[in-house]
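Enquirer:
Have a look at this one:
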């Protein structure tokens, strides 16, 4: 009988231990289920964060590309303005050349007019040759006047062209200043500052500064 009681006691203890073990197992399963749920939620949040970061990078890249396009356009317009300035210098050189020619023609005209006066003085003693010499003098005077008018017309045309070139250049300079002010005051300047840490943006800024 004693052995039966001992066996029964052992069985009861085993049953109790089994119940405790089952309870602990259930707790462990519940904890594991909660942990797995947390892991799934964390994974979802992580994927959402990755997607948001990717979209942010794409948006930042688009803004940087847009700023690069504006900077490229501004550089092209600046080069265009430099070419116009070079052309303006050439036009001014041509204008100086025509002014020099006009001055030379004026000096020639004065000399010829003086020569005509001298000839007119000599004609007083040569009455027979007066008419012929007067006709020659009138022809020479007409030719000189035509040369002077032609030179003046060319000079006026060149001055008009030069004024147009200057007005065009001033309009372009104002446009360039507006673009510079826009680039300086635009919120995209912050993105450009952030992009300087990358190789591409650094190359862009170095190119613009050059």
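Residue numbers (this note's numbering): 245 to 454. The beta-carbon is built from N, C-alpha and C at its ideal position, and this holds for glycine as well.
#1: Relative to the alpha-carbon of residue 406, which residue among 269, 427, 339 and 312 has its alpha-carbon at the smallest distance?
#2: Quick one: what's got a C-beta closer than 8 angstroms to residue 373's C-beta in the same chain, skipping five residues either side?
#3: Sorted by chain position, which residues of the same chain lie with C-beta nearer than 8 angstroms to residue 454's C-beta, five sequence neighbours on each side aside?
#4: By a C-beta neighbour count over all protein chains shown, 10 Å radius and 16 as the cutoff for buried, is residue 292 buried or exposed?
#5: How many angstroms separate the CA atom of residue 320 from the CA atom of residue 305?
#6: What's the gap between the Cα of residue 356 and the Cα of residue 341?
#7: Please state whether the Cβ-Cβ distance between residue 410 and residue 323 is less than 9 angstroms.
#8: Once the 5 residues before and after residue 196 are set aside, which same chain residues still bring their CB inside 7 angstroms of it?
#9: Could you work out which residue in 399, 421 and 413 is closest to residue 327 when comparing CA atoms only?
#10: Express the C-alpha separation of residue 346 and residue 363 in angstroms, rounding to a whole number.
#11: Express the C-alpha separation of residue 318 and residue 330 in angstroms, rounding to a whole number.
#12: Roughly how far, in whole angstroms, is the beta-carbon of residue 314 from the beta-carbon of residue 395, given that I think they are within contact range, below 8 angstroms?
#13: Under three-state DSSP, which class holds residue 298?
Expert: Well, looking at it:
#1: By one-based count along the chain shown, residue 406 stands at place 162. The candidate whose alpha carbon is nearest that of residue 406 is 339.
#2: What you label residue 373 is simply residue 129 of the chain shown in a count that begins at 1. Once the five neighbours on either side are set aside, the close Cβ partners of residue 373 are 367.
#3: Taking the chain shown and counting its residues from 1, one reaches residue 454 at position 210. Its pLDDT being 41, under 50, residue 454 is placed unreliably in this model, and the value from its coordinates should be taken loosely. Result list for residue 454: empty, nothing under 8 angstroms.
#4: Residue 292 sits at position 48 when you count from the first residue of the chain shown. Its Cβ having fewer than 16 others within 10 Å, residue 292 is exposed.
#5: What you label residue 320 is simply residue 76 of the chain shown in a count that begins at 1. What you label residue 305 is simply residue 61 of the chain shown in a count that begins at 1. Those two C-alpha atoms are separated by around 22 angstroms.
#6: The residue given as residue 356 occupies position 112 in the chain shown. The residue given as residue 341 occupies position 97 in the chain shown. So the two alpha carbons sit approximately 22 angstroms from each other.
#7: Sequence index remark: in the chain shown, residue 410 carries index 166 (1-based). Sequence index remark: in the chain shown, residue 323 carries index 79 (1-based). Result no, Cβ atoms of residue 410 and residue 323 do not sit closer than 9 angstroms.
#8: Residue numbering for the chain in the displayed model covers 245 to 454; residue 196 lies beyond these limits and cannot be assessed.
#9: In the chain shown, residue 327 corresponds to position 83, counting from 1. The shortest Cα separation from residue 327 among 399, 421 and 413 belongs to 413.
#10: On the chain shown, position 119 is the one that residue 363 refers to. On the chain shown, position 102 is the one that residue 346 refers to. The alpha-carbon atoms of residue 363 and residue 346 are separated by roughly 25 angstroms.
#11: Along the chain shown, read from residue 1 onward, the residue named residue 330 stands at position 86. Along the chain shown, read from residue 1 onward, the residue named residue 318 stands at position 74. When rounded, the distance between both Cα atoms is 18 angstroms.
#12: Position 70 of the chain shown, counted from the first residue, corresponds to residue 314. Position 151 of the chain shown, counted from the first residue, corresponds to residue 395. With 8 angstroms as the limit, residue 314 and residue 395 do not qualify as a contact, their Cβ atoms being about 48 angstroms apart.
#13: In the chain shown, the residue the question calls residue 298 occupies position 54. It is helical.
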